[in-house]
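Here the structure is laid out as structure tokens; the discussion comes afterwards.
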Amino acid sequence: MTHRDGAAIVRLHILSKLRSPYMIIALRMASFFRPEKKCCRMSRISAKWEESRHALMTKLFVRLLFAGWSTVEKLTKRVIFFSHKSELELCKKVHRLVQLYHRVIIRDFIYTIPLVLLSLHVRLQYFYYLQWSGKGYPQSPDSDWYIRYAQNLIANFKIGSDMNDIMYIGYNLLLTVLLALVKDPVTVLLIQAVTASLCVVLVFKIARMLFNLRTAIMAGIFYAYSWDITLWTTYILTDSFFISLLLLSVYLLLKCYRSDKRIYKIAFAATALYMLVFRPAGIMTVFFMLIYIVINLDRGTVLAFFKKHRMAIGGGLVAIAAVCVWVYAGGKLDSLIDSMQFNAKKVLYNVYANGWVYDHPSPQDHKFRPDYTINILNSLILSFIINNWDHILILYGKRSIAFLGRWVWTTDLTSLAGIKRFAWQFLPTVLFMTATVIAIANKQFRKASIVWLLVLSVFLFCILFFIDGMFRYKAPGIPFIAIAAAYGADRVIYGAIWIAKKLTGKLLWNKGKYSL
Numbered sequence: 001m002t003h004r005d006g007a008a009i010v011r012l013h014i015l016s017k018l019r020s021p022y023m024i025i026a027l028r029m030a031s032f033f034r035p036e037k038k039c040c041r042m043s044r045i046s047a048k049w050e051e052s053r054h055a056l057m058t059k060l061f062v063r064l065l066f067a068g069w070s071t072v073e074k075l076t077k078r079v080i081f082f083s084h085k086s087e088l089e090l091c092k093k094v095h096r097l098v099q100l101y102h103r104v105i106i107r108d109f110i111y112t113i114p115l116v117l118l119s120l121h122v123r124l125q126y127f128y129y130l131q132w133s134g135k136g137y138p139q140s141p142d143s144d145w146y147i148r149y150a151q152n153l154i155a156n157f158k159i160g161s162d163m164n165d166i167m168y169i170g171y172n173l174l175l176t177v178l179l180a181l182v183k184d185p186v187t188v189l190l191i192q193a194v195t196a197s198l199c200v201v202l203v204f205k206i207a208r209m210l211f212n213l214r215t216a217i218m219a220g221i222f223y224a225y226s227w228d229i230t231l232w233t234t235y236i237l238t239d240s241f242f243i244s245l246l247l248l249s250v251y252l253l254l255k256c257y258r259s260d261k262r263i264y265k266i267a268f269a270a271t272a273l274y275m276l277v278f279r280p281a282g283i284m285t286v287f288f289m290l291i292y293i294v295i296n297l298d299r300g301t302v303l304a305f306f307k308k309h310r311m312a313i314g315g316g317l318v319a320i321a322a323v324c325v326w327v328y329a330g331g332k333l334d335s336l337i338d339s340m341q342f343n344a345k346k347v348l349y350n351v352y353a354n355g356w357v358y359d360h361p362s363p364q365d366h367k368f369r370p371d372y373t374i375n376i377l378n379s380l381i382l383s384f385i386i387n388n389w390d391h392i393l394i395l396y397g398k399r400s401i402a403f404l405g406r407w408v409w410t411t412d413l414t415s416l417a418g419i420k421r422f423a424w425q426f427l428p429t430v431l432f433m434t435a436t437v438i439a440i441a442n443k444q445f446r447k448a449s450i451v452w453l454l455v456l457s458v459f460l461f462c463i464l465f466f467i468d469g470m471f472r473y474k475a476p477g478i479p480f481i482a483i484a485a486a487y488g489a490d491r492v493i494y495g496a497i498w499i500a501k502k503l504t505g506k507l508l509w510n511k512g513k514y515s516l
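Position one of the sequence shown corresponds to residue 1 (the UniProt record's numbering), numbered consecutively onward.
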């Protein structure tokens, strides 16, 4: 066997593995493929030699497609006929063509376009159903307040110092701008629905960066069919735009770790700051995002940064402290503090004291006689929580169960239909827990912990305050629950296939003992 015979094997093997006609055309144009000499060369190669090289060539091709050239070059040193420089150049050129193929043909938009169309279909179908059915779009007292506030800002731009003015200023300004541009609240709902639909791309990108392509596709499908996401696009409330903003912020955060471009860091900082004033839940959300940043920081880099900029950091902290003292001493935040204390008392006396699991009475409430004694640091909140800690823990336990969904209270395990319904409704929780265990076992949890941290932030917000009767405050966690559940489903499917292969490999006919 000659050196050229080996080169012919390389060409033919690569062409047999490459399914794309574009690659074959490219190889023809590069004069790598000479069919007129194929038959005569192949005839001189023994079947035994070809069989012995098949496994190695398959491995080479996989490395050629998915690995860097350095890995391929190391592997090719084990092949006799690659010792010639021209054949190394051949593989380099083929590798470049494969990379070009992946950059041009195999792109995310091949997957994201169908997901976007599916998400648009689901959201807009419900949007136009409400419009054409005559039922109209759902209303809530909060929706009326937001619309009136935005209209007042358009007529007379003046922002007060109340809690709702300051802590919702981000959403209030956004709604004001939208109403100033489109005038009609229904058009705002349409913009909201389209924005939520397009965010399936962010879900796909986040899942792919953290896990893999299969997880990204399944997460996109779960998000597209999520009823909670669809429902809140039909309300003039903070929820839908907040979810979109949160997904954008997480995407930019992950891009900061994958790219050295400064634009991603600036954009993430801007979205995170905007989230702080979008609604109160944004404060807790940004806090947990900062935890993710701290978890993934290199200690040496952080210490070096603080050591290098210690004077600037110290001066900045002193300046911030001075501004806070000046603002507080000047009484400029008195109305904000008073309104926050008033809302805290409302939660304590209306929700906690009555043992409400949700924001209204329900059969699952924990009834108890609260102790209102103020004996801890002259603080009503601390005194109430410490004096009633045992009942509050029971209340937190019930809210933890209620966080799964209303179905937990209506579960019927006495009938086959009830068991099937329970299995279907409990499946997302099983997949979520499966993903958690496997991510820890595979040492992926640190990299992907942003998913679990944001779900935890939503969970704690619902437990500490209350769960909305329509699970409105759970909605920001839905995309990340979908991502984790998709990863759990992917690992379950992978495990099932692996077990099936192991079992079928033990069959007698696979061992050559019998022929069928």
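No residue lacks a Cβ here, since even glycine has one placed at the ideal position from N, Cα and C.
Query	Result
Cα separation between I295 and Y257?	13 Å
For T176, I'd like the list of residues in its chain whose CB is within less than 7 Å of its CB, leaving aside the five on either flank, ordered along the chain.	A150, L153, I154
So the candidates are N354, I147, V492; which of them puts its Cα closest to the Cα of Y235?	I147
To which residues of the same chain is S463 closer than 6 Å at the C-beta, ignoring the five residues directly before and after it?	Correcting the residue type first, residue 463 is Ile in the shown sequence and not Ser. Taken in chain order, the residues that qualify are Y396, R399.
For T411, which residues of its own chain have a beta-carbon under 6 Å away from its beta-carbon, when the five flanking residues on both sides are left out?	F422
State the Cα-Cα distance for the pair K255 and A219, rounded to the nearest angstrom.	19 Å
Comparing C-alpha positions only, which one of F466, V325, A180 sits nearest to D359?	F466
To test your reading of the DSSP string, which unbroken alpha helix (DSSP H) runs of 4 or more residues are found completely within the region 146-182?	163-167, 169-182
Between the alpha carbons of M275 and D184, how many angstroms are there, rounded?	25 Å
Would you tell me roughly how many angstroms separate the C-alpha atoms of V458 and P361, rounded to the nearest one?	22 Å
From this set, W409, I483, D165, I478, which residue's C-alpha is nearest T434's C-alpha?	I483
Is DSSP giving F426 helix, strand or coil here?	helix
Where does the unbroken alpha helix (DSSP H) through W452 begin, and where does it stop?	445-464
Identify the continuous alpha helix (DSSP H) that holds W232 and give its terminal residues.	227-232
Which residues in the same chain have their Cβ closer than 7 Å to the Cβ of F368, if we skip the five residues on either side of it in sequence?	G355, H391
Are the Cβ atoms of T215 and S249 separated by less than 8 Å?	no
Between which residues of its own chain and P479 is the CB-CB distance below 7 Å, once the five residues before and five after are set aside?	V203, Y223, I243, L247
DSSP on I467, reduced to helix/strand/coil?	strand
For G405 and L179, what's the separation of their Cα atoms in angstroms?	34 Å
Cα-Cα, which of V437, W407, L453, K447 is closest to G469?	W407
Can you pull the DSSP bridge partners for Y358?	I467
On the DSSP letters alone, give me the boundaries of the alpha helix (DSSP H) that Q131 sits inside.	109-132
Alpha carbon to alpha carbon, how far is I24 from A475?	Note that I24 has pLDDT 43, beneath the 50 cutoff, so the model's placement of it is unreliable and no number is given.
Which runs of the alpha helix (DSSP H) spanning at least 4 residues fall entirely within the UniProt domain "Glycosyltransferase RgtA/B/C/D-like" (175-326), listed in chain order?	185-198, 200-210, 213-224, 227-232, 239-258, 262-276, 281-295, 299-308
With burial defined as no fewer than 16 other Cβ atoms inside 10 Å of the residue's Cβ, what is the status of I221: buried or exposed?	buried
Which class does F368 belong to by DSSP, given the choice of helix, strand or coil?	coil
For the region 412-419 against the region 433-451, are there 3 or more C-beta pairs whose distance is under 8 Å?	no
Considering only the beta carbon of each residue, do Y251 and I206 sit closer than 8 Å?	yes
Any chance the region 425-434 sits against the region 304-314, with 3 or more Cβ pairs inside 8 Å?	no
May I ask you to report which of helix, strand or coil DSSP gives D144?	helix
Does the structure place the region 127-135 close enough to the region 184-194 that three or more beta carbon pairs sit under 8 Å?	yes
Rounded to whole angstroms, what is the Cα-Cα separation between I217 and F342?	46 Å
Does I376 come out as helix, strand or coil in the three-state DSSP assignment?	coil
Relative to the alpha-carbon of L453, which residue among I291, L174, D165, I401 has its alpha-carbon at the smallest distance?	I291
According to DSSP, simplified to helix, strand and coil, what is I497?	helix
Could you compute how far the alpha carbon of T373 sits from the alpha carbon of V116?	56 Å
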